[in-house]
Amino acid sequence: MPIATNAPPAVSKASLARARRRVLAWFAEREWKAFRFQRQTWDAYLDGGSGLIHATTGTGKTYAAWLGPVIDGLAEAEKSDTKSPPPLRVLWITPLRALAGDTAAALGDALESLSLPWLLETRTGDTSAAVRNRQRKRLPTVLVTTPESLTLLLTRDDVAEQFRDLRCVVVDEWHELLGSKRGTQAELALARLRRLRPGLRVWGLSATLGNLDVAMGTLLGPRHAGDGVLISAKTKKNYKIDTALPPEIDRFPWAGHLGTSMVDAVVGAVEEARTTIVFTNVRSAAELWYQAILKKRPDWAGLIAVHHGSLDGETRGWVEAGLKAGKLKCVVSTSSLDLGVDFSPVDRVLQVGSPKSVARLLQRAGRSGHRPGESSRVTGIPTNALELIEFAACRDALHAGFIESREPFENPTDVLVQHAVTVAVGGGFARDSLLEEVRETRAFADLTAPEWDWVLDFVTRGGEALRAYEEYRRVVERDGSYVVEDRQIARRHKLAIGTITADEAVDVCYTTGGRIGQVEESFVSKLNPGDCFIFAGRVLEFVRVRDMKALVKKATKKTRIVPRWGGGRMPLSGTLSEAIRRKLDEARRDIYDGPEMRAVRPILETQAAFSRLPAVDELLIEKIKTREGHHLFVYPFAGRLVHEGLAALCAHRIASLEPATFTMAMNDYGFELLSPTPVDLDRALAAGLFDPAGLEDDIWRSLNAVEMAKRQFRDVARIAGLVQVGFPGAKKTTRQLQATTGLVHDVFAKHDPDNLLLKQSRDEVLERQLERDRLRATLERIGAGGLAVETPRRLTPLAFPLMVDRLREKLTSEKLADRVAKMTLQLEAAATTTSW
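Residues in the sequence shown are numbered consecutively from 15, following our numbering.
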């Protein structure tokens with residue numbers, strides 16, 4: 015493929031100085047002052063540099079990255095006689111298509127105010143066919159797009175011509191892409207653009223990130239990382255973090271027991287503020303809290319709204335416009351409003367439930383006071399009394415400067431397979447040339463020649479196991495060039511580009527017409543005609559499914575049924591887990607600083623009286639006998655995913671010493687093993703119950719890991735293009751996809767056991783689902799610390815929520831509530847008579 019080498023025209027220093035003065039004058043007109051980090055970024059850009067801008071939310075990162083290209087453009091425009099907009103010069107990549115419009119508005123404001131005749135457009139999944147057709151002929155000067163839409167542009171056969179004038183790529187909210195396969199997809203796209211445009215300048219924007227060196231190295235690739243510029247804003251954001259305290263504190267709390275009982279506190283906080291965003295961690299909770307607030311304040315109808323990624327784009331756009339204009343009093347949202355969008359009227363943020371990480375709380379706090387010099391205030395709304403500890407721990411971690419790191423994916427074969435087909439569709443590639451190119455990414459820096467040959471064999475023949483099936487021969491080799499010749503294959507590939515895999519979505523539409531949003535197919539499959547559910551802030555009655563659309567009508571019945579989406583439970587981050595252990599250690603030493611810790615003191619004192627509070631470097635194990643059997647409660651405080659692996663590991667290792675069967679439960683604080691017979695814990699400990707040696711093999715044996723890998727293979731297979739979701743209007747159902755990928759998995763396991771996609775599925779189960787590295791670090795921490803084994807006579811405040819979680823799996827909501835109420839009464843009575 016020809017590589018564009020045309021250099022931009024030389025611009026005099028005098029022209030650049032005049033252009034810079036125009037930008038500073040525009041700032042002055044708005045009563046702004048350019049921060050030092052913004053000026054540093056402009057200088058670095060104009061010197062031809064690339065790098066990463068790190069600054070807290072609302073301190074001006076966008077204009078730091080944007081005005082370098084603008085100054086360059088203004089200087090060039092002095093010498094130009096033409097008034098037509100130049101070809102594509104700047105690509106602005108945003109992680110969410112919902113951000114594209116707001117980002118474009120901010121960038122366009124500068125262009126209009128400075129009279130720079132550049133054409134600025136967006137290109138996402140929401141872009142109309144008419145705009146896409148126009149962009150097919152010529153791309154605008156500035157294009158705001160997503161990683162998926164950028165990859166789609168790389169499939170064009172005139173890709174070299176379309177990008178021949180590209181000078182700069184800005185990757186917004188890079189920290190959000192970094193720890194996902196979308197980040198790898200962006201890495202590969204950037205490597206392709208660098209090959210097309212040597213000297214291309216690449217800038218990333220990031221906030222709330224702990225490993226900035228890794229973030230910049232991943233953005234720029236190992237070859238260019240050493241030349242990158244890391245620019246950190248010295249402007250400090252003032253955060254105010256407080257917590258709404260429950261009017262009463264139960265000494266035996268359990269997950270979600272507060273429900274929406276804190277709605278009065280939420281309504282009171284919303285009343286105090288001009289505009290408030292109420293963040294929840296999952297979409298179902300957003301729907302329930304919207305209803306709860308509206309029920310409390312029906313006079314706010316039309317002044318409050320719900321916002322999440324499953325709602326129709328038009329609905330989301332209406333909500334975002336209302337926030338920007340200050341017309342909405344309150345919006346209940348999920349992570350769909352976490353990023354980028356500037357909602358200046360918002361002066362208060364509420365976080366319902368634990369944020370699970372310090373970075374997430376800061377990101378959401380930054381939605382308020384989204385202007386330089388303004389304070390950002392976030393108030394925690396606990397759904398469980400123990401979450402008071404988490405909010406206090408978050409504040410401590412923030413003051414200490416502890417922010418989570420995000421680790422990029424390494425060598426995800428499925429993404430590389432997809433990229434190889436993408437480049438083959440977009441004009442083709444030579445073996446050695448593309449190998450050299452992909453090695454310029456951090457993800458594939460260590461890609462071996464045999465691994466690359468496996469990828470090529472896989473896309474041309476289907477690999478060892480599928481060589482007999484013509485449908486898997488997607489790419490053909492012609493005189494050393496790998497290309498896609500079949501138009502149907504090219505079309506299917508373009509429709510499948512991306513790395514986001516989830517349960518197949520079903521459109522929710524009124525029977526009279528009009529789309530409301532999407533829910534997962536698995537939810538719809540459980541509905542019967544006449545069933546009602548809450549969605550988009552409304553009560554809807556399910557009528558029927560037709561053409562992969564769930565047809566509904568408005569209803570007036572009362573219901574608390576809400577759609578459930580995948581990925582509902584986020585685990586605690588390692589940073590927050592450590593901060594929680596420190597707060598418990600303080601309580602052990604009778605230190606209860608802050609309103610949250612003072613409020614939760616009765617719970618922790620009951621824990622200490624019934625058992626003990628662990629020291630920061632101590633593992634607490636409780637052995638309790640009840641009518642159900644013999645319980646082992648273990649508290650590493652390492653997060654739900656780690657505890658899932660630890661519970662299975664311990665059960666396997668104990669059972670290898672003596673016959674035993676276990677029922678397991680886990681939460682973010684610990685796990686429970688319930689058996690009908692007592693466990694010889696001393697023998698298990700002596701045999702290496704928590705020994706890191708043999709961890710991976712034992713984990714693989716202890717879980718139904720083959721089935722877990724099979725489920726993970728479904729996502730890997732979809733990204734690699736092994737299975738097709740189908741053309742629009744003829745989508746495959748989730749059941750069909752499961753059957754297809756299950757069959758392919760079994761074929762590989764039998765006939766091609768060294769298949770790299772099989773290996774990847776196994777690795778992703780261990781690392782991404784069970785957090786293998788963090789699990790190993792937890793075992794090493796346990797080995798280096800102390801061990802405390804207690805034998806309480808009854809359930810403790812830390813054990814109680816674990817048992818409730820286990821009962822939740824087998825009891826209806828009503829029966830669970832009755833059972834929990836009886837147990838609580840008994841335990842409260844015991845706690846009241848305990849001598850302190």
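Glycine included, every Cβ here is placed at the ideal spot set by N, Cα and C.
Looking at 844, 768, 128 and 397, the one whose alpha-carbon comes closest to that of residue 44 is 128.
In this structure, the beta-carbon distance from residue 434 to residue 392 does not fall below 9 Å. Contact fails between the segment 230-245 and the segment 262-281, because fewer than three Cβ pairs, one in each stretch, are under 8 Å apart. DSSP places residue 106 inside the beta strand (DSSP E), whose first and last residues are 104-107. Counting along the chain, no beta strand (DSSP E) covers residue 370, and no H or E run does either. In the three-state DSSP reduction, residue 382 falls in the coil class, being neither helix nor strand.
The beta carbon of residue 411 sits closer than 7 Å to those of 372, 589, 590 and 593, all from its chain and outside the five residues before and after it, given in chain order. Burial is judged here by how many other beta carbons sit within 10 angstroms of a residue's own beta carbon; residue 145 has fewer than 16 and is exposed. Here the C-alpha atom of residue 72 lies approximately 38 Å from the C-alpha atom of residue 790. Between residue 476 and residue 483, the CB-CB gap stays under 9 Å. Residue 491 carries a strand assignment under DSSP once its states are collapsed to helix, strand and coil. Burial state of residue 462 is exposed, judged by a 10 Å Cβ sphere holding fewer than 16 other Cβ atoms. In this chain, the beta strand (DSSP E) harbouring residue 256 covers 253-257. If only uninterrupted alpha helix (DSSP H) runs of at least 4 residues are considered, those enclosed by the segment 21-45 are 27-43. When the beta-carbon positions are compared, residue 133 and residue 158 stay at least 9 Å from each other.
Under the three-state reduction of DSSP, residue 738 is assigned to coil, being neither helix nor strand.
Counting only residues of its own chain and dropping the five nearest sequence neighbours on each side, residue 525 has a CB closer than 8 Å to the CB of 557, 565, 566 and 567. For residue 514, the three-state secondary structure derived from DSSP is coil. Residue 298: member of the alpha helix (DSSP H) spanning 297-310, first to last residue.
Straight across, the Cα-Cα distance linking residue 772 with residue 432 is about 16 Å. Taking C-alpha positions only, residue 183 is separated from residue 775 by approximately 32 Å.
Considered as a whole, the segment 627-693 harbours 632-640, 643-649, 677-680 and 685-689 as its complete beta strand (DSSP E) runs of no fewer than 3 residues, in chain order. Per DSSP, the unbroken alpha helix (DSSP H) holding residue 622 starts and ends at 615-624. Here the C-alpha atom of residue 604 lies approximately 49 Å from the C-alpha atom of residue 553.
Counting the other CB atoms within 10 Å of its CB gives residue 370 a total of 16 or more, which places it among the buried residues.
The Cβ atoms of residue 65 and residue 218 sit closer than 9 Å to each other.
The count of Cβ pairs closer than 8 Å, one atom from the segment 423-430 and one from the segment 189-200, reaches three, so the stretches are in contact. As the crow flies, the alpha-carbon of residue 609 is around 47 Å from that of residue 544. Straight-line measurement puts the Cα of residue 115 at about 28 Å from the Cα of residue 210.
Looking from the CA of residue 626, the closest CA among 648, 401 and 611 belongs to 648.
Taking a C-beta distance under 9 Å as the contact criterion, residue 380 and residue 254 do not qualify as a contact pair.
Under DSSP, residue 524 takes part in a beta bridge, and its partners are 566. The continuous beta strand (DSSP E) containing residue 802 extends over residues 800-804.
Taking one beta carbon from each stretch, the segment 165-184 and the segment 503-517 have 3 or more pairs nearer than 8 Å; the two touch. With respect to residue 575, residue 548 sits close: the two C-beta atoms are nearer than 9 Å. If you keep only unbroken alpha helix (DSSP H) runs of at least 4 residues inside the segment 168-203, you get 173-176 and 188-192.
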